[in-house]
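Below is one structure, written out as structure tokens, with a few remarks after it.
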Amino acid sequence: MARYVVLIGFFIMIGGFAYMLNLTNTGEYNPRDIPTEFIGRTAPPINVPDLYNESDIVKTADMKGKVWLFNVWGTWCPECWREHGYLMKLNRAGIPIVGLNWRDKRSEAKAMVSKMGNPFLKIGYDPDSSVAIEWGVYGAPETFLINAQGMIVEKHAGGVTPAVWEKKFKKHFTQ
Amino acid sequence: MKNLKALILILCALFVFSQAQARFETHDFATPKMEEDYNVLVQELRCLVCQNQNLADSNAELAQDMRLLVFKMLNEGKSKDEIVDFMVVRYGDFVMYRPPVKTTTFLLWTGPLLFFVVAALLVFLHLRKQKVEPQVVNEQQQKKAHSLLDD
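Going down the list, the protein sequences come from chains A and B.
So that you can map any letter, position 120 of the first sequence is 120 in the numbering used here, and since no number is skipped, the others follow by simple counting.
So that you can map any letter, position 77 of the second sequence is 1077 in the numbering used here, and since no number is skipped, the others follow by simple counting.
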């Protein structure tokens, strides 16, 4: 009898181990996907100059009343190149996107935009992470969705793909 | 022998190199207390890019900027707790290299002790079960033993 208990216990352990192994790197067990603190919070200010126009300060408040995306990118981030085409598509569909160029040289950031197109209404220029840290960003690309009340309702770490758009963002724009 | 000397030299070089790597940039601190606080903070805060390193050990760009921000905030007269709170508000408890003791992290902190207690209990029970009663040897058996040993 005792032997069976030990044996069953052993199999339960193996089963549990296999189950957790299977979950690793997905959903909440993905060490790369740090749970964001920002869902349901008022979007922080941006308050840095525009990439193209230094006298123009990019502000969160300017977007009040709109549902919009805030996309953090850098020329040094391959995933940002990959998602860029899709951001262009979203822009053509009328989705307002504010960009944040993170830790780049102005010239390099401009070069990428002129080569690949500009899907952004404005692009904040953040060479020293001040805005990135303010928004709790830890990697690029990261995309936030802010509602008409100025509240962050969705965040995605990683490139925006059609699948991510369908799952996380689309529903907030069809109201 | 020659090889050994070379090896020692390489090891020394590595050691010196690792020492040089220990701090990435130098700051001019207004007070020794500020420097002390800075060193504690960069040890306690996690680099979010290379997650098994703290800010002191990481040279990721974000870690560099976070270190600079810690320095700036100390200069503005912010306390250690205020700076940690600032980071936790933005990055969650995860930014703390040592997770705080809360209901959700209770098992994390007590787990090893729990394992130890359970293991110790099992070992104790097992040993107690194994304890053998001392056997009483009668005269006849003793004689037999002697005759066997004498042979």
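We put the CB at the ideal spot given by N, CA and C, even for glycine.
All figures in this text were calculated on a predicted structure; none of them were measured in a lab.
Practice item. Report the rounded CA-to-CA distance for R92 of chain A versus P119 of chain A, giving the unit in angstroms. Key: On the first sequence, position 92 is the one that residue 92 of chain A refers to. On the first sequence, position 119 is the one that residue 119 of chain A refers to. Going from the Cα of R92 of chain A to the Cα of P119 of chain A covers about 8 angstroms.
Point to revise | Exposure of K155 of chain A, with buried meaning 16 or more beta-carbon neighbours within 10 Å | key: The residue labelled residue 155 of chain A in the question sits at position 155 within the first sequence. Buried, since its Cβ has 16 or more Cβ neighbours within 10 Å.
**Study point:** Cutoff 7 angstroms: Y138 of chain A Cβ touching any chain B Cβ
**Key:** Numbered from its first residue, the first sequence carries residue 138 of chain A at position 138. By this cut-off, Y138 of chain A is an interface position.
**Study point:** Between the CA atoms of N1075 of chain B and M1034 of chain B - distance to the nearest angstrom
**Key:** On the second sequence, residue 1034 of chain B is found 34 positions in, with the first residue counted as 1. On the second sequence, residue 1075 of chain B is found 75 positions in, with the first residue counted as 1. Between M1034 of chain B and N1075 of chain B, the C-alpha separation is close to 8 angstroms.
Check your understanding: From the beta carbon of D128 of chain A, is the nearest beta carbon of chain B less than 7 angstroms away?
Key -> Counting from one through the first sequence, the residue named residue 128 of chain A turns up at place 128. Closer than 7 angstroms: yes.
**Study point:** Contacts of D1065 of chain B in chain A (Cβ-Cβ under 9 angstroms)
**Key:** One-based indexing of the second sequence puts residue 1065 of chain B at position 65. In chain order: R103, D128, S129, S130, A132, I133.
Check your understanding: With contact counted as at least three CB pairs below 8 angstroms, one residue from each stretch, are the stretch 146–155 of chain A and the stretch 79–87 of chain A in contact?
Key -> no
Practice item. In angstroms with no decimal places, state the Cα-to-Cα distance between Q1021 of chain B and N1059 of chain B. Key: Here residue 1021 of chain B refers to the residue found at position 21 when the second sequence is read from its first residue. Here residue 1059 of chain B refers to the residue found at position 59 when the second sequence is read from its first residue. Confidence is the limiting factor: at Q1021 of chain B the pLDDT is only 46, short of 50, which leaves the residue's position unreliable, though a coordinate-based value still follows. If I take the Cα positions, the gap works out to 9 angstroms.
Practice item. Give the straight-line distance between the Cα atoms of K171 of chain A and K64 of chain A, rounded to the nearest whole angstrom. Key: Along the first sequence, read from residue 1 onward, the residue named residue 171 of chain A stands at position 171. Along the first sequence, read from residue 1 onward, the residue named residue 64 of chain A stands at position 64. If you take the alpha carbons of K171 of chain A and K64 of chain A, they lie about 19 angstroms apart.
Check your understanding: Along chain A, which residues have their Cβ under 7 angstroms away from the Cβ of L1182 of chain B?
Key -> The displayed coordinates of chain B run from 1001 to 1151. Any statement about residue 1182 of chain B would go beyond what the structure contains.
Point to revise | Residue-chain proximity (Q1019 of chain B, chain A), Cβ-Cβ < 7 angstroms | key: For this step, residue 1019 of chain B is matched to residue 19 along the second sequence. Unreliable placement is indicated for Q1019 of chain B, whose pLDDT of 49 sits below 50; the coordinate value is still reported in the next sentence. Closer than 7 angstroms: no.
Check your understanding: Between the stretch 125–138 of chain A and the stretch 98–106 of chain A, do at least 3 Cβ pairs fall closer than 8 angstroms?
Key -> yes
Practice item. Could you name the residues of chain B that E108 of chain A contacts, counting a contact when the two beta carbons are closer than 7 angstroms? Key: Taking the first sequence and counting its residues from 1, one reaches residue 108 of chain A at position 108. The contacting residues do not exist; E108 of chain A stays about 14 angstroms from chain B at best.
Exercise for review: Go ahead and pull the three-state DSSP assignment for T176 of chain A.
Suggested key: A query on residue 176 of chain A cannot be resolved here, the shown segment of chain A reaching from 1 to 175 and no further.
Check your understanding: If you draw a straight line from the alpha carbon of L1114 of chain B to that of K1131 of chain B, how long is it in whole angstroms?
Key -> Working through the second sequence from its first residue, we reach residue 1114 of chain B at position 114. Working through the second sequence from its first residue, we reach residue 1131 of chain B at position 131. If you take the alpha carbons of L1114 of chain B and K1131 of chain B, they lie about 26 angstroms apart.
Review point. Which two residues bound the contiguous alpha helix (DSSP H) that contains Y86 of chain A?
Key: Sequence index remark: in the first sequence, residue 86 of chain A carries index 86 (1-based). Y86 of chain A -> alpha helix (DSSP H) spans 78–92.
Review point. From which residue to which residue does the alpha helix (DSSP H) around D1065 of chain B run?
Key: The count along the second sequence starts at 1 and reaches residue 1065 of chain B at position 65. Element bounds for D1065 of chain B: 1061–1075.
Exercise for review: Could you pull out every residue in the same chain whose Cβ sits closer than 8 angstroms to the Cβ of D50 of chain A, ignoring the five residues on either side in sequence?
Suggested key: If you number the first sequence from 1, residue 50 of chain A lands on position 50. Only D56, I57, V58, K122, I123, G124, Y125 meet the Cβ criterion.
**Study point:** Contact with chain B by E37 of chain A, beta-carbon distance below 7 angstroms
**Key:** Translated into the one-based positions of the first sequence, residue 37 of chain A becomes position 37. E37 of chain A counts as touching chain B.
Check your understanding: When Cβ atoms are compared, which residues of the stretch 1084–1103 of chain B fall closer than 7 angstroms to chain A?
Key -> V1089, R1090, Y1091, G1092, F1094
Point to revise | Same chain, Cβ closer than 7 angstroms to L23 of chain A, five either side skipped, listed in chain order | key: As a first step, residue 23 of chain A is located in the first sequence; it is residue number 23 there, counting from the start. So the list reads Y29, once near-sequence residues are dropped.
Review point. From which residue to which residue does the beta strand (DSSP E) around E142 of chain A run?
Key: Taking the first residue of the first sequence as 1, we reach residue 142 of chain A at position 142. Start and end: 142–146.
Check your understanding: For the putative contact between T161 of chain A and Y86 of chain A, defined by C-beta atoms under 8 angstroms, what is the C-beta separation to the nearest angstrom?
Key -> Within the first sequence, the letter at position 161 stands for residue 161 of chain A. Within the first sequence, the letter at position 86 stands for residue 86 of chain A. With a Cβ gap of about 7 angstroms, T161 of chain A and Y86 of chain A count as contacting.
Review point. To which residues does DSSP link A111 of chain A through a beta bridge?
Key: Numbered from its first residue, the first sequence carries residue 111 of chain A at position 111. Beta-bridge pairing links A111 of chain A to no other residue.
Review point. By the 10 Å Cβ neighbour count, where 16 or more other Cβ atoms means buried, how is N71 of chain A classified, buried or exposed?
Key: Here residue 71 of chain A refers to the residue found at position 71 of the first sequence. By the neighbour-count rule (16 or more Cβ atoms within 10 Å), N71 of chain A is buried.
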